[in-house]
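Just below is one structure, and these are the notes that go with it.
2 protein chains.
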Amino acid sequence: MRHPDHPTTPSAADVLGPYLREQAACFLRGLRLHREAPADGGTHGAEEATAALRHAARRISGTLRTFRTALDPAWADHLRTELVWLSGTLARERAYADRLGRLLEALHQLSGTSLPAARTSSPPPGDGDRERAALGIGAARAGALLERRLTLARTRAHSEALQALGSSRFHGVADAVALLASEVPLAPCAAAPATEVLYAPAGLAEQRVHTAVASLPADEAVEPYDEARDAPWHRTRVLLRLHRYAHEVVRPAADPALAGAGHALDLHRDAAEAASAASAAARTPRIAPATAYALGVLHAHQRHEVGAARAVFRETWPYAAAVTAP
Amino acid sequence: MRHPDHPTTPSAADVLGPYLREQAACFLRGLRLHREAPADGGTHGAEEATAALRHAARRISGTLRTFRTALDPAWADHLRTELVWLSGTLARERAYADRLGRLLEALHQLSGTSLPAARTSSPPPGDGDRERAALGIGAARAGALLERRLTLARTRAHSEALQALGSSRFHGVADAVALLASEVPLAPCAAAPATEVLYAPAGLAEQRVHTAVASLPADEAVEPYDEARDAPWHRTRVLLRLHRYAHEVVRPAADPALAGAGHALDLHRDAAEAASAASAAARTPRIAPATAYALGVLHAHQRHEVGAARAVFRETWPYAAAVTAP
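Note that the protein sequences, when read in sequence, are chains A and B. For the record, in the first sequence the residue sitting at position 155 is 146 according to my numbering, with numbers rising by one throughout. For the record, in the second sequence the residue sitting at position 314 is 305 according to my numbering, with numbers rising by one throughout.
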């Protein structure tokens, strides 16, 4: 597999092959764990197995996308589509569970039920306490409403994930990944040095993130309550993830700054989706005004968290924001 | 009026007398302007006149409080009580008008009707737009509800202010201030140097602010959604105002840092009261859930502004936060 002219320089195949084989092995291990977990679902083991499957599926599909030129392109495109479908399907159950947890925690915090010590040491009850008590009633109802809605969505997502894992489509994916674990379908150019074949696409993935970050709205212009402006942030999150995976392939050490910035964009996405869930719940017919009020408070609170996540991303992002494409 | 032993040192009377006479003259000028303004109220001239009256009344009552020992104490206590009543009564109309303006502006901003240019340049309509449209309906209703409630409160406050200005109680205050404009009822000690008589009480007023600021909750512990914790901030605002007025008396030049910090605490109070108004409106019986939802968003948004005002105060406050009373 060594390039004849560079006997000591690793070829693209030397770099890409072991990475993809390792991720394929992780995928298969996750699948085995999932089959061994109790069938009634919702257990810790099944969740961990699903997380491992998603984790590997995202890395394989990201690698197939970024390094497509070093691989058999028809095979890469097909498997990538299938892995994106799979990881999306598997992610939903967990996303609904996390969203409910985030919203209930925020309601708890906003309605002050989590602050009994602080309240007993406070001055005599005033307007604040009355507001808080009023919010408390609505918060309890809003919490119950969100729990009903998101638990239903989660249950559906769980069934869909189980269906997906039992489908012939999934068996096709599993077979393809099993093959990948033993042999990676490479393009002829993969015999050339990694520096020639892999660095350019990895650099392009990095450049895409820089361009996306540079085109994010300037700090002062940020209006975190304007959901219509979330899209460039979500796009940046996806591009940063692709860059991180490409970085894993071509560099020996992980970059903790990239992980930190990625985490801030994950929180951004979580807060934005939680805000949407609060606002969608408020459109439930015939809810009490107190419930709607608490959902409005919750919506604004999560949108504020969106703004906070953007600030954290800006602080975490290790490169000058002015890097733009020529 | 000079102290016999210090012919070149100004006495307390030399400092306090001119300041109080000047503020009394401002009060009387405001009163004359108010009488000359059209009787149907709500005009710019009447508003300006009321602002001048409040401005002078606050400065006189603050001075009577801080420098009580240099004044006839029974007279100072009585006039101070009357001026506090008067400035409180006169402040309410303006406060309701400002609160309504602040809330309508925030609703406008939150429901996005102020961002047509930004929206046309946005990507195709997504969840954000739907949320925004849903918020828009509730925002319009919430705006109408707030307008009804706060206009009613403002009209009542206007009538009360007019009644107060026509009352015998007010005529008593006006007579006392007219007397003050010509002669300040001083204590015998006011003949001593200002440095001996006025600096200690002015220093105490300053020390009270430092103590109050030092006992404000630490930045990290701040929970801007917890209205029960506003009280120390409001107390600091009042103490800072007293300190600013005492500073005006004993120092020739104004301290712009004190004015900036005071402005941040004014914004803090305004946002906290606007949040309360939103939450009180949400307790109106039989409102639509969409209205309550928008009021909830508005409440959280104003509480977020409370947090922002605290941050600005901390940045503006020119002294180390660690200054504490021994």
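Each residue gets a CB set at the ideal place from its N, CA and C atoms; glycine is no exception. It should be emphasised that the depicted structure is a prediction, and the values quoted were computed from it without experimental measurement.
- Residue state for P176 (chain A) is assigned as coil, using DSSP reduced to three classes.
- By the C-beta density criterion, H162 (chain A) is exposed, having fewer than 16 other C-beta atoms within 10 angstroms.
- Listed along chain B, no residue sits closer than 7 Å to G79 (chain A) by beta-carbon distance, the nearest being about 17 Å off.
- For G287 (chain B), the closest Cβ of chain A is nearer than 8 Å.
- Ranking A:G194, A:W224, A:S270, A:A271 by CA distance to the CA of H234 (chain A) puts A:G194 first.
- Three or more beta-carbon pairs separated by less than 8 Å link the stretch 272 to 283 of chain B to the stretch 130 to 143 of chain B, which places the two stretches in contact.
- Contact note: L101 (chain B) reaches chain A through Y216, using a C-beta cutoff of 7 Å and chain order.
- Residue nearest to R305 (chain A) within the set A:R277, A:A237, A:A262, A:H201 is A:H201 (criterion: CA-CA distance).
- Excluding the 5 residues flanking it on each side, I128 (chain B) has same chain C-beta neighbours closer than 7 Å at A281, in chain order.
- Neighbours of Y284 (chain A) in chain B, taken as residues whose beta carbon is under 7 Å from its own, are A273, A283, Y284, L286, G287 in chain order.
- Only residues of its own chain outside the window of five on either side were considered, and among them A67 have a CB closer than 7 Å to the CB of R59 (chain A), listed in chain order.
- Each of A:L91, A:F18, A:H69 was checked against the Cα of R140 (chain A), and the nearest Cα belongs to A:L91.
- In chain order, G129 place their CB closer than 6 Å to the CB of Y284 (chain B), counting only its own chain and leaving out the 5 sequence neighbours on each side.
- In this model, A167 (chain A) and A97 (chain A) are separated by some 43 Å (Cα to Cα).
- Of the candidates B:A185, B:S267, B:L74, B:R260, the residue whose Cα lies closest to the Cα of L156 (chain B) is B:L74.
- A248 (chain A): member of the alpha helix (DSSP H) spanning 247 to 273, first to last residue.
- P184 (chain B) carries a strand assignment under DSSP once its states are collapsed to helix, strand and coil.
- Contact with chain A is absent for A252 (chain B), since none of that chain's Cβ atoms lies less than 8 Å from the residue's Cβ.
- Using a CB distance cut-off of 8 Å, I128 (chain B) does not count as an interface residue toward chain A.
- Of the candidates A:L177, A:S52, A:H35, the residue whose Cα lies closest to the Cα of A4 (chain A) is A:L177.
- Identification of residues in the stretch 287 to 301 of chain A having a C-beta nearer than 7 Å to some C-beta of chain B yields G287, V288, H290, A291, H292, H295, given in sequence order.
- Look at the stretch 171 to 190 of chain B: it has no residue with a C-beta under 8 Å from a C-beta of chain A.
- Runs of the alpha helix (DSSP H) lying entirely within the stretch 211 to 237 of chain B and spanning at least 4 residues: none are present.
- In the same chain as A196 (chain B), and ignoring 5 residues on each side of it, the C-beta atoms closer than 7 Å to its own belong to T57, L233, H234, A237, in chain order.
- Distances from the CA of R71 (chain B) to each of B:R93, B:R85, B:E84, B:A47 were compared; the closest alpha carbon is that of B:A47.
- Cβ-Cβ distances below 7 Å link R45 (chain A) to S78, L81, A82 in the same chain, with the five nearest sequence neighbours on each side left out; the list follows chain order.
- Measuring C-alpha to C-alpha distances from E39 (chain A) to each of A:R242, A:C17, A:S52 identifies A:C17 as the nearest.
- When only Cα atoms are considered, H35 (chain B) and R145 (chain A) end up about 59 Å apart.
- Relative to the Cα of V297 (chain B), the nearest Cα in the group B:S52, B:A131, B:R220 belongs to B:R220.
- Burial check for S267 (chain B): the Cβ neighbour count within 10 Å reaches 16 or more, so the residue is buried.
- Annotated as distal: R226 (chain A) and L256 (chain A), with beta-carbon spacing of 8 Å or more.
- With a threshold of 8 Å between beta carbons, P280 (chain A) makes contact with chain B.
- Contact fails between the stretch 237 to 254 of chain A and the stretch 238 to 256 of chain B, because fewer than three Cβ pairs, one in each stretch, are under 8 Å apart.
- Per DSSP, the unbroken alpha helix (DSSP H) holding F18 (chain B) starts and ends at 3 to 27.
- Just so you know, the alpha carbons of I278 (chain A) and A28 (chain A) end up roughly 40 Å apart.
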